[in-house]
Each structure stands twice: as structure tokens, then as C-alpha cells.
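Have a look at the structure below before the remarks.
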Amino acid sequence: MTETTDFGFREVPRDAKASMVREVFNSVAPKYDVMNDLMSLGLHRAWKQAFVAAIGAGPRDTLLDLAAGTGDVAFLAKRRGAGSVILADINAAMLVVGEGRAAQKGLVEGLSFVCCDAEKIPLPDGHVERVSMAFGLRNCTDKDAVLREGFRVLRPGGRMCVLEFSRLEVAALRPLYDAWSFKALPMIGQRVAQDAESYQYLAESIRMFPDQPTLAGMMERAGFERVGWRNLSGGICAIHTGWKL
13 MTETTDFGFR
23 EVPRDAKASM
33 VREVFNSVAP
43 KYDVMNDLMS
53 LGLHRAWKQA
63 FVAAIGAGPR
73 DTLLDLAAGT
83 GDVAFLAKRR
93 GAGSVILADI
103 NAAMLVVGEG
113 RAAQKGLVEG
123 LSFVCCDAEK
133 IPLPDGHVER
143 VSMAFGLRNC
153 TDKDAVLREG
163 FRVLRPGGRM
173 CVLEFSRLEV
183 AALRPLYDAW
193 SFKALPMIGQ
203 RVAQDAESYQ
213 YLAESIRMFP
223 DQPTLAGMME
233 RAGFERVGWR
243 NLSGGICAIH
253 TGWKL
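Each residue of the sequence shown is one higher than the one before, counting from 13 in our numbering.
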């Protein structure tokens, strides 16, 4: 019997999800930054600022940024003093956009780009001081494997930080949030990026992602200690952190 996994609200063959996600981000890459502003009403910028502050990468640290996309987190981390940043993403089209943005911003020094699956990171054990992943874990087929890999490549004393959409804690706002996610976002995606289907998937993937306590438990099972989370915007998203001690 073929193993399946979620792709939004659909069940798909487990070995097909990675290529399906790759197609989604191939489609959205050219308009990804514009759509992030529209999808979050600009809040993603404040969320990422808080996230990079939580990462806390210093001048002697190497940060591995998984699902780096077009580079928002990496660029912020570099500007806040990170020594070097490895931008890793399974989608080459997103990294190409990120490389172009890095050149435009004069941030090429200290950055490197790696196209890889976060479930199989091509780095040796204990290679980096910080691992980050913003809005990417929910798109991975084997989330536990990603967390184990993050733990593996960290040096002792290092920390992994995950920024991801989570469970809204204000019950009264949930109907409005659902309407925005499932009606407005696909419509905006069609008008701006000529792609309603990809943005429908992105909205669905948020609802399928584990809530805050569940993700914390997954990080603990991967080996992390002192695991915790901080809700942003009432739990629309949350910053999860764990240490390799």
C-alpha cells in the first residue's frame, strides 16, 4: 500500500510531496516578496525581525537558514551581526531570486547558497552554531527528519529556531482569519501572481501544521532541550526554540 501524506487538505503519495511543493514555489517565486506583504498585511516583516532577534547569531557564529527562500531572514541576520549565513532551500528558483537580492543589497560577503532538501542537509555533524527555518517546516514531508537534521548539524550549545504559522488563540477572530485565508488569499494570488491554486495550498498547509505544544514535543523528541515558544500576533505564528546541550 502506498504511503500518503498531506498536501494542504489533500492526501498525496508521500514520495510525490517534495516535487509538488517545489512546483508551487517555482510558480510563486517571481512574486513571492510582494505576495508576502499582501498575504500578511505587512506583518511578516515584524515577525521576521522578532525571529532574527531570537536567533541571536553573533559575529563568530555560522547560521544555517533552512527554507531560506528569497533571503529575508538571512539578510536581516547578516545585518544584525551574524558572521556567516548559509542559505539552504530545496527550490533553486527561490535561491536565484535570493542571490539577485543579495547582490542588489551589497550583502554577498559572508553568504553562501545551497540547494538541498532540509531532510538531508549536506553538512557535517556539529558544523553551525545556529539553525533557523521560517515558514518552511510545514511544507516538508518528514518534519521530524528536518528537526533531527537541524539537531545533527548544530554544535553543542547551539540553538534551532523555527518561525511558523500556528494556532490562533483568539477564538473570536477565527472566522475572519478563515475568510481571509481561504477566500481573499487565492483571489489575491490570482490577480497578482496569476496563480490561485498555489495560494490555496499555502492557506491549507497552515491549517494542517501542528499546533504550538505539538511542535514543541516534536523538537524534544529530536533531541532539543529547553524547548519553548513565543506567540506572535495572537498565535497566527509562533517562534519555537530549542537548544543542543
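We treat Cβ as the ideally placed atom computed from N, Cα and C, and that holds for glycine. Everything numeric in this text was worked out from a predicted model, so none of it was measured.
Checklist entry - Is Glu15 near Arg26, with beta carbons less than 8 Å apart? => result yes
Checklist entry - How many whole angstroms separate the CB atoms of Ala79 and Ala130, which I take to be in contact at a CB cut-off of 8 Å? => result 6 Å
Item to check | At least 3 beta-carbon pairs within less than 8 Å: the region 156-166 vs the region 227-236 | outcome: yes
Checklist entry - Can you name, in chain order, every residue of its own chain whose Cβ lies under 8 Å from the Cβ of Pro168, other than the five neighbours on each side? => result Gly138, Lys256, Leu257
Next on the checklist: Can you tell me whether Val239 is helix, strand or coil according to DSSP?
Outcome noted: Assigned with DSSP and collapsed to three states, Val239 falls in strand.
Checklist entry - Does DSSP classify Ile98 as helix, strand or coil? => result The DSSP-derived three-state label of Ile98 is strand.
Next on the checklist: Suppose you measure from the CA of Val24 to the CA of Arg72; what does that come to, to the nearest Å?
Outcome noted: 43 Å
Next on the checklist: I'd like to confirm the pairing. Which residues does DSSP put opposite Trp176 in its beta bridges?
Outcome noted: At residue 176 the sequence reads Glu, which differs from the Trp that was named. According to DSSP, Glu176 bridges with Ala250.
Item to check | DSSP-derived helix/strand/coil call for Leu135 | outcome: In the structure shown, Leu135 sits in coil (DSSP, three-state: anything other than H, G, I, E or B).
Item to check | C-alpha distance - Ser52 paired with Thr153, whole-angstrom precision | outcome: 24 Å
Next on the checklist: Can you tell me which residues form a DSSP beta bridge with Trp255?
Outcome noted: Arg171, Glu237
Item to check | Run of the alpha helix (DSSP H) containing Glu15, from where it starts to where it stops | outcome: Where Glu15 is concerned, there is no enclosing alpha helix (DSSP H), given that its DSSP letter is neither H nor E.
Item to check | DSSP three-state assignment for Thr74, whether helix, strand or coil | outcome: The three-state secondary structure of Thr74, taken from DSSP, is strand.
Checklist entry - If we ignore side chains and look at the alpha-carbon of each, how far apart do Arg203 and Phe221 end up? => result Roughly 27 Å between the two C-alpha positions.
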